[in-house]
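*Asks:* Numbering (this note's numbering), first residue to last: 122 to 163.
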Amino acid sequence: MVLIEKKLLPLRFGVAKLIDQAFAKGVKVAICSTSNEKAVPK
């Protein structure tokens, strides 16, 4: 959890761009993860 809290685990390549493009077009975005619930900020 320390790595996540310190933001030392970056998003996979292209994910930030994809999310930004979806937001720009008004598309709702959700996050799915197999990680611990604490690893996915709200």
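Quick reminder that beta carbons are idealized off the backbone N, C-alpha and C, glycines included.
Between the beta-carbon of A143 and the beta-carbon of V136, is there less than 7 Å?
*Replies:* Cβ distance not < 7 Å, so A143 and V136 don't count as in contact.
*Asks:* Determine the direct distance from the alpha carbon of K146 to that of K128, and round the result to whole angstroms.
*Replies:* Roughly 27 Å between the two C-alpha positions.
*Asks:* Cα separation between L132 and L139?
*Replies:* Each residue's alpha carbon lies about 11 Å from the other.
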